[in-house]
Amino acid sequence: MSGGEDSSAARVLEGPLVVLPAAAPIAALAERIALRSSVDGLERFDLLAQPPAIDAALRLALERAAAVHALVLVAPLPPSDPALIERLSALKVPTLALYGTRDSQAPPTTSRGWRALMPGCHVVFVYDAGHDLAADQPQAFADIVLDFVRDPAAFLVNRRDGSVRYV
Amino acid sequence: MKAALFSPCTYPGPTAPGGWPTPTTVYSSEISEQTFATALEHSRLADEVGFDWVTVAEHHFGPFCMTPNPMILAGALTQAVKRAKIALLGADIPILNPVRVAEEFAMLDTLSGGRLVAGMLRGTPNEYITYNVNPRESRARFEEALQLIRMAWTEPEPFGWQGRYWQYKSISIWPRPIQKPHPPIYMSGSSPESGEFAARQRVGLGFAVTTLPLAARAARHYRSQAALAGWTPKADDIVYRIPFYVGASDERALEDLEAAARASARSFSLALSQGAEAAIAEAGYYGRDEAQRGRVAAAFSGGMRERIEKGQMLLGSPRTVIDQIRRIHAEIGAGVLDLIPGLSGPLALASIERFGTQVLPAIRELDT
Numbered sequence: 025m026s027g028g029e030d031s032s033a034a035r036v037l038e039g040p041l042v043v044l045p046a047a048a049p050i051a052a053l054a055e056r057i058a059l060r061s062s063v064d065g066l067e068r069f070d071l072l073a074q075p076p077a078i079d080a081a082l083r084l085a086l087e088r089a090a091a092v093h094a095l096v097l098v099a100p101l102p103p104s105d106p107a108l109i110e111r112l113s114a115l116k117v118p119t120l121a122l123y124g125t126r127d128s129q130a131p132p133t134t135s136r137g138w139r140a141l142m143p144g145c146h147v148v149f150v151y152d153a154g155h156d157l158a159a160d161q162p163q164a165f166a167d168i169v170l171d172f173v174r175d176p177a178a179f180l181v182n183r184r185d186g187s188v189r190y191v
Numbered sequence: 002m003k004a005a006l007f008s009p010c011t012y013p014g015p016t017a018p019g020g021w022p023t024p025t026t027v028y029s030s031e032i033s034e035q036t037f038a039t040a041l042e043h044s045r046l047a048d049e050v051g052f053d054w055v056t057v058a059e060h061h062f063g064p065f066c067m068t069p070n071p072m073i074l075a076g077a078l079t080q081a082v083k084r085a086k087i088a089l090l091g092a093d094i095p096i097l098n099p100v101r102v103a104e105e106f107a108m109l110d111t112l113s114g115g116r117l118v119a120g121m122l123r124g125t126p127n128e129y130i131t132y133n134v135n136p137r138e139s140r141a142r143f144e145e146a147l148q149l150i151r152m153a154w155t156e157p158e159p160f161g162w163q164g165r166y167w168q169y170k171s172i173s174i175w176p177r178p179i180q181k182p183h184p185p186i187y188m189s190g191s192s193p194e195s196g197e198f199a200a201r202q203r204v205g206l207g208f209a210v211t212t213l214p215l216a217a218r219a220a221r222h223y224r225s226q227a228a229l230a231g232w233t234p235k236a237d238d239i240v241y242r243i244p245f246y247v248g249a250s251d252e253r254a255l256e257d258l259e260a261a262a263r264a265s266a267r268s269f270s271l272a273l274s275q276g277a278e279a280a281i282a283e284a285g286y287y288g289r290d291e292a293q294r295g296r297v298a299a300a301f302s303g304g305m306r307e308r309i310e311k312g313q314m315l316l317g318s319p320r321t322v323i324d325q326i327r328r329i330h331a332e333i334g335a336g337v338l339d340l341i342p343g344l345s346g347p348l349a350l351a352s353i354e355r356f357g358t359q360v361l362p363a364i365r366e367l368d369t
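Protein sequence lines, in the order shown, are assigned to chains H and R. Each residue of the first sequence is one higher than the last, beginning at 25 in the working numbering. Each residue of the second sequence is one higher than the last, beginning at 2 in the working numbering.
Written out as structure tokens, the structure reads:
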């Protein structure tokens, strides 16, 4: 998520991800991200995209639906291409759309448009983050992304151990 | 100007000595039952004689205020009170589950036909011991919870929340509030930080346990911050809480109050051990206006006349009380008075009735 030299390409996570320690900042997450412009040769992968790579990621997910384990869209606006929009309702890839509560470019209300296009999409608001969620709230961002890609089907269920530990 | 009648649900019987939390080694269920019955009776009367709001509030572990969950009493009030708004001033949102608070508020707004006033407070310092929450986190928790509650009321589709203090995977509360976009929100605003946050969030401000000069200064700060944020608070956006007793005449009012004070020499204490008080202060609970803590404590040490002068008590005949209120309105611009009954029994009922029939009509015009 850091750097922007290939911002036109979807960022690809080679999955499955190893679960990082809870305290790992975004830098640790970034190390797990293979920045790629191609997914050739990958049988299974997680896909993480932020503007302006949202549409490219959606097209890739549609094309390689069976290979995409999880799709994470960061501050996405609905695509402007009507043909792409039409195909989205058929996209069966587990998807998480993240929005920062302080984002003025893609405010949380933008998520309402997404839901109509992708009924199965999970929407999560990252508190006190602007448009660059990963930079503004690195820990919260890393935690929610890793939680989702670890097991998208079980995403809604809290599996953290809530017991008090005495060390 | 508007008037609210606050029901603190103070336990009127004898209690064991000691600070907070108060032991229940001396306790009567009958007295507690009667306390809630009285709150309903006062609120019904206030509604009948023209009060605009009836108010409940959250406090824990003591006889001072027996509504640890004010939502429950508010639920009863939605049925007992036919016209007035039901104000919670408030829920102590930093120590609660904000989604639950959003749900309870939405239920109350629905049960009352859209009459909810949603106060969200940080609570007194001792509340942080109640549910074992770090007082250092008080303000940040408050700010996150308020925004989460508003989002839960207004977002039409399920959403998750990845916050600093709360995380939820999917929220979609039922029922929804009746009032659109949501019920009016108030927060307490004695400190500069609170005034600034309230101005940014465009919510109302309430003052309690303060003095006229301190509240006036805080209200000016709130208004100037609101102007920076591009809006102008209405008179209704400022609430001032104050004990009151309206007697038949000035002399009778003072006599009644002195007689009551002689009959009941008890006072309540929210005092913690000194170590705990210091730890809460050190944690930064009071924010940038730490010094205000001492000023308020000192301000409450004076006699009756001094307290009236400082805007800490309304006392006298209807005419005198009207003049006292005019001064509060002129200095703070408060549009709502949240009134704490100063006495109990038949005297309290008579005072509420006098306020509604003789004082309220005269102060209505103050905002126009």
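Using N, Cα and C, we set each Cβ at its ideal position, and we do this for glycine too. Predicted, not measured: the structure shown is a model, and the values here were computed from it.
### Task
Would you verify that the beta carbon of E145 of chain R is, or is not, closer than 8 Å to some beta carbon of chain H?
Reading the second sequence from its first residue, position 144 is the one you call residue 145 of chain R. Output row for E145 of chain R: interface = yes.
### Task
Under 6 Å Cβ to Cβ from L367 of chain R, same chain only, skipping five residues before and after it: list those, please.
If you number the second sequence from 1, residue 367 of chain R lands on position 366. For L367 of chain R, where only same-chain residues beyond five positions count, the Cβ hits under 6 Å are M2 and H330.
### Closest residue to R320 of chain R among R:K181, R:E252 and R:N70 (Cα-Cα distance)
By 1-based counting over the second sequence, the position of residue 320 of chain R is 319. The residue among R:K181, R:E252 and R:N70 with its C-alpha nearest the C-alpha of R320 of chain R is R:E252.
### Query
Does the beta carbon of E197 of chain R come closer than 8 Å to any beta carbon on chain H?
The count along the second sequence starts at 1 and reaches residue 197 of chain R at position 196. By this cut-off, E197 of chain R is not an interface position.
### Task
Give the single residue among H:V188, H:R68 and H:W138 whose Cα lies nearest to the Cα of I20 of chain H.
Past the boundaries of the shown model lies residue 20 of chain H; chain H is included only from 25 to 191, so the question cannot be answered.
### Query
Does the distance from the C-beta atom of F208 of chain R to that of Y166 of chain R stay below 8 Å?
Along the second sequence, one-based indexing puts residue 208 of chain R at 207. Along the second sequence, one-based indexing puts residue 166 of chain R at 165. No. Outside cutoff.
#### Entry: Sequence-distant residues of the same chain with beta carbon closer than 6 Å to Q129 of chain H, five excluded per side
Here residue 129 of chain H refers to the residue found at position 105 of the first sequence. Hits under 6 Å: H155.
### Message
So I243 of chain R and L338 of chain R are supposed to be a Cβ contact under 8 Å. How far apart are they, rounded?
### Response
For the purposes of this step, residue 243 of chain R is taken as residue 242 along the second sequence, with counting starting at 1. For the purposes of this step, residue 338 of chain R is taken as residue 337 along the second sequence, with counting starting at 1. Correct: roughly 6 Å between the Cβ atoms.
### Query
To the nearest angstrom, how far is it from the Cα of A4 of chain R to the Cα of L117 of chain R?
Residue 4 of chain R sits at position 3 when you count from the first residue of the second sequence. Residue 117 of chain R sits at position 116 when you count from the first residue of the second sequence. C-alpha separation (whole angstroms): 15 Å.
### Message
Could you compute how far the alpha carbon of P159 of chain R sits from the alpha carbon of L273 of chain R?
### Response
As a first step, residue 159 of chain R must be located in the second sequence, where it is residue number 158. As a first step, residue 273 of chain R must be located in the second sequence, where it is residue number 272. Rounded to whole angstroms, P159 of chain R to L273 of chain R spans 42 Å at the Cα level.
### Task
Could you name the residues of chain H that S171 of chain R contacts, counting a contact when the two beta carbons are closer than 8 Å?
Stepping through the second sequence from its first residue, residue 171 of chain R is reached at position 170. Residues of chain H passing the Cβ test: H146 and L180.
### Query
List, in order along the chain, the chain R residues whose C-beta lies closer than 8 Å to that of R139 of chain H?
Residue mapping note: residue 139 of chain H aligns to position 115 of the first sequence, counting from 1. Residues of chain R with a Cβ closer than 8 Å to the Cβ of R139 of chain H are, in chain order, E158.
### Message
Rounded to whole angstroms, what is the Cα-Cα separation between E310 of chain R and A335 of chain R?
### Response
Translated into positions along the second sequence, residue 310 of chain R becomes position 309. Translated into positions along the second sequence, residue 335 of chain R becomes position 334. Across the structure, E310 of chain R and A335 of chain R are spaced so that their CA atoms are roughly 17 Å apart.
### Task
Would you mind stating whether L97 of chain R and M188 of chain R have Cβ atoms separated by less than 8 Å?
For the purposes of this step, residue 97 of chain R is taken as residue 96 along the second sequence, with counting starting at 1. For the purposes of this step, residue 188 of chain R is taken as residue 187 along the second sequence, with counting starting at 1. No, these two residues do not count as a Cβ contact at 8 Å.
### Task
Determine contact between the segment 93 to 107 of chain R and the segment 171 to 183 of chain R, defined as no fewer than three beta-carbon pairs at a distance below 8 Å.
yes
### Query
Does F190 of chain H come within less than 8 Å of chain R when only Cβ atoms are used?
By 1-based counting over the first sequence, the position of residue 190 of chain H is 166. What sits at residue 190 of chain H in the sequence shown is Tyr, not Phe. Output row for Y190 of chain H: interface = no.
### Message
Please list, in chain order, the chain R residues whose beta carbon lies closer than 8 Å to that of R125 of chain H.
### Response
For the purposes of this step, residue 125 of chain H is taken as residue 101 along the first sequence, with counting starting at 1. Note that residue 125 of chain H is Thr in the sequence shown here, rather than Arg. Chain R residues near T125 of chain H: Q148 and M152.
#### Entry: Proximal residues of chain R, C-beta to C-beta of S135 of chain H below 9 Å
Taking the first sequence and counting its residues from 1, the one referred to as residue 135 of chain H is at position 111. Simply E156, E158 and F160.
#### Entry: beta strand (DSSP E) runs wholly inside the segment 114 to 188 of chain R, at least 3 long, in chain order
117 to 122, 160 to 163 and 168 to 172
### Sequence-distant residues of the same chain with beta carbon closer than 6 Å to I326 of chain R, five excluded per side
Numbered from its first residue, the second sequence carries residue 326 of chain R at position 325. The residues are I364.
### Message
Quick check on this structure: which residue in R:T131, R:N135, R:A141 and R:P178 has the alpha carbon closest to the alpha carbon of M152 of chain R?
### Response
Here residue 152 of chain R refers to the residue found at position 151 of the second sequence. When only C-alpha atoms are compared, the closest one is R:P178.
### Task
May I have the straight-line CA-CA distance separating A77 of chain R from R45 of chain R, to the nearest angstrom?
For the purposes of this step, residue 77 of chain R is taken as the residue at position 76 of the second sequence. For the purposes of this step, residue 45 of chain R is taken as the residue at position 44 of the second sequence. So the alpha carbons of these two residues sit roughly 11 Å apart.
### Query
Quick one, which of R:K170, R:G190, R:G161 and R:T155 has its alpha-carbon nearest P176 of chain R's?
Walking along the second sequence from the start, residue 176 of chain R turns up at place 175. Checking every option, the nearest Cα to that of P176 of chain R belongs to R:T155.
### Query
Is the Cβ-Cβ distance between R17 of chain H and L71 of chain H less than 8 Å?
Outside the modelled stretch of chain H, which goes from 25 to 191, sits residue 17 of chain H, for which no answer is possible.
### Message
Please state whether the Cβ-Cβ distance between P64 of chain R and T23 of chain R is less than 8 Å.
### Response
Numbered from its first residue, the second sequence carries residue 64 of chain R at position 63. Numbered from its first residue, the second sequence carries residue 23 of chain R at position 22. Going by C-beta atoms, P64 of chain R is nearer than 8 Å to T23 of chain R.
### Message
If you measure between the beta carbons of A99 of chain H and L122 of chain H, is that distance less than 8 Å?
### Response
To locate residue 99 of chain H, count along the first sequence from 1; it is residue 75. To locate residue 122 of chain H, count along the first sequence from 1; it is residue 98. Yes; because the gap between Cβ atoms is below 8 Å, this pair is in contact.
### Query
Below 8 Å, can you find three or more Cβ-Cβ pairs linking the segment 14 to 31 of chain R to the segment 54 to 64 of chain R?
yes
### Message
As an exercise, report each continuous alpha helix (DSSP H) stretch of at least 4 residues that is fully enclosed by the segment 219 to 293 of chain R, in chain order.
### Response
251 to 264 and 275 to 283
### Task
Would you identify the three-state DSSP class for G186 of chain H, choosing helix, strand or coil?
Within the first sequence, residue 186 of chain H is the residue found at index 162, counting from 1. Taken through DSSP and simplified to helix, strand or coil, G186 of chain H comes out as coil.
### Message
So, at 6 Å on beta carbons, what are the nonlocal neighbours of Y129 of chain R in its own chain, with the 5 sequence-adjacent residues on each side left out?
### Response
As a position in the second sequence, residue 129 of chain R is number 128, starting the count at 1. Contacts found: P136.
### Query
Is there a Cβ from chain H that is less than 8 Å from the Cβ of Q165 of chain R?
In the second sequence, residue 165 of chain R corresponds to position 164, counting from 1. The sequence as given places Arg at residue 165 of chain R; Gln does not occur at that position. Yes, its Cβ sits closer than 8 Å to a Cβ of chain H.
### Task
Taking A107 of chain H as the reference, give the member of H:R126, H:L141 and H:Y190 with the closest Cα.
Taking the first sequence and counting its residues from 1, the one referred to as residue 107 of chain H is at position 83. Taking only the C-alpha atoms, the option nearest A107 of chain H is H:L141.
### Query
Looking at the C-beta of F149 of chain H, does it have a partner C-beta in chain R at a distance below 8 Å?
For this step, residue 149 of chain H is matched to residue 125 along the first sequence. Yes, because at least one Cβ of chain R sits closer than 8 Å to the Cβ of F149 of chain H.
#### Entry: Coil, strand or helix - P342 of chain R by DSSP
As a working note, residue 342 of chain R is residue 341 in the second sequence. Of the three classes helix, strand and coil, the one that applies to P342 of chain R here is strand, per DSSP.
### Contact set for A349 of chain R: own chain, Cβ-Cβ below 6 Å, skip 5 residues either direction
Within the second sequence, numbered from 1, the residue matching residue 349 of chain R stands at position 348. The answer, listed in chain order, is P342.
### Query
Is the CB-CB distance between T125 of chain H and V150 of chain H below 8 Å?
Your numbering for residue 125 of chain H matches position 101 in the first sequence. Your numbering for residue 150 of chain H matches position 126 in the first sequence. V150 of chain H sits close to T125 of chain H, with the two beta carbons spaced by under 8 Å.
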